[in-house]
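Numbering-wise, UniProt numbering puts 112 at position 112 of the sequence shown, and it's gapless, one number per residue.
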Amino acid sequence: MTRAELSDLYRGYIQCLNSHDWPNLGAFVHEDVHYNGKRIGLSGYRSMLEDDFAAIPDPYFDVELLVSEPPRIASRLRFDCTPRGMLFGLAVNGRKVQFAENVFYEFVDGRIETVWSIIDKAAIESQLE
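The following block contains the structure:
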């Protein structure tokens, strides 16, 4: 897969997330996906995303930076959202916050098999002070 093809595939995945198209998540995510070193499988990955969307009713994955080096993608995602209640252990309680996620993906057979994610929790904390 070329860099452009992998970038297009990744943008399709982001579109899937932004449209909450959970039935088609398996077209982008491998059945044996690992998240931050732990095998959670496609059903666990979908459950994690659904929980995130329940906590954040207005999420939008905005790709701020994208580097494609097949079979890997590095991406910085920007969020400007209004989480309900708790978010990443922080009492946001309906306040609007902005934060970023730095995430690396590894693709196997055209689907995401490994995800390493770091969320800028400090950015959220500073907005809650």
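Note that beta-carbon positions come from the ideal geometry of N, C-alpha and C, so glycine has one too.
The DSSP assignment places 41–55 as complete runs of the alpha helix (DSSP H) inside the region 40–94, in order along the chain (cut-off: 4 residues).
A distance below 8 Å between beta-carbons, with the five flanking residues on each side excluded, links VAL67 to the following residues of its chain, in chain order: ILE73, ALA74, SER75. The alpha-carbon separation between GLU125 and GLU50 amounts to approximately 23 Å. CA-to-CA, the gap between LEU25 and VAL108 works out to about 15 Å. A distance below 9 Å separates the beta carbons of GLU101 and LEU77. Ranked by how close their Cα comes to the Cα of VAL115, the residues SER19, MET48, THR2 have MET48 in first place.
Put simply, the backbone Cα of ALA91 is about 15 Å away from that of PRO57.
For GLU113, the secondary structure class from DSSP, reduced to helix, strand or coil, is strand.
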